[in-house]
Amino acid sequence: MNLFVYVLIFLIGASLGSFFELVSERLPREQDVVFTPSHCNSCQMRICYYDLIPIFGYINQRGRCRFCDQTISAQSLVYEMIGGFSSCWFYYYFTDFNIYGGLLLTMLYYAAIFDQQHRYVDQIILTLMFVCTILFQYASLRAAFIPALLAALVLIILSKITNGLGPADIELIIILILGYGFQTALWITLLASLFVLLSHLHHAINIEIAFIPYFYLAFLLLPVLPTS
Ligand SMILES: [Zn+2]
């Protein structure tokens, strides 16, 4: 029974990953995301319903469009796998994450995929995270307000001097401070920075890095942080 629940949750998370990729591909091009069926980007043929099943659809087609044989990007498979595994992780640690953590995790995943593809994040998603934080964490907002304000000041000045953090990254850190307090936010930011450094050890320093995907991975570790 338990395994069945996890398989179901994995599939829901994988479908979310697939949907977020579709939205972040179509939205900047001002294409419809609800009524236009999924189609092959090369031959425009509509994708069969059984090929839309996350992960299995990719394996079933052997990574190629069944009409024109064009390779399907393995990136979709990665987004679906990460979506699936992190949903199971979230379900396992639900008491640590709770509803607010779940909402933040979901929005952060969308922002991570969007950032990975376009190297920026839509302000709407950050505003939604702010609103969620105010609604769910209003009890602790007063205590976190001064640290958040100070951190915002320091980070804005730092980013002006170093060109390192983007405005979306700073907003995200502020959201984390307001939602979880200074210590937890610092842990998540440090871990995200560590992940960036580790995965860019052999790269040039001056490349533009999508930071939100690393934030997402660090945020997943929330239940096992020393502060939790
Ligand atoms: Zn095709």
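What the sequence shown shows, in the UniProt record's numbering, is residues 1 to 228, in sequence order. From the three backbone atoms N, C-alpha and C, an ideal C-beta is built for every residue, glycine too.
- Under DSSP, R26 takes part in no beta bridge, so it has no partner.
- For S73, the CB stays at least 7 Å from every heavy atom of ligand 1.
- For A152, the CB contacts under 7 Å within the same chain, skipping 5 residues up- and downstream, are I170 and I174 in chain order.
- Counting along the chain, M81 sits inside the alpha helix (DSSP H) bounded by residues A74 to Y92.
- In the three-state DSSP reduction, R142 falls in the helix class (H, G or I).
- DSSP places T71 within a strand segment (E or B) once states are collapsed to three.
- Annotation: the continuous alpha helix (DSSP H) that includes I175 extends over P167 to Y180.
- Note that the region 179-194 touches the region 143-151; at least 3 beta-carbon pairs, one per stretch, sit closer than 8 Å.
- L16 and G83 do touch by the CB rule: their CB atoms are close to 5 Å apart, below 8 Å.
- Per DSSP, R66 has no beta bridge partner at all.
- Beta-bridge partners assigned by DSSP to H39: R46.
- Residues D115, Q116 and R119 of the same chain have their beta carbon placed closer than 7 Å to that of A210, with the five preceding and five following residues left out of the count.
- A contact is defined here as three or more CB-CB pairs under 8 Å, and the region 38-50 meets this definition with respect to the region 64-76.
- Remark: the C-beta of C43 is in contact range of ligand 1, defined as less than 7 Å to any heavy atom.
- The Cβ neighbour count for V121, taken over all protein chains shown within 10 Å, is at least 16; the residue is labelled buried.
- Looking at the backbone, the Cα of Y49 and that of Y138 are separated by about 43 Å.
- DSSP places D122 outside both helix and strand once states are collapsed to three, so it counts as coil.
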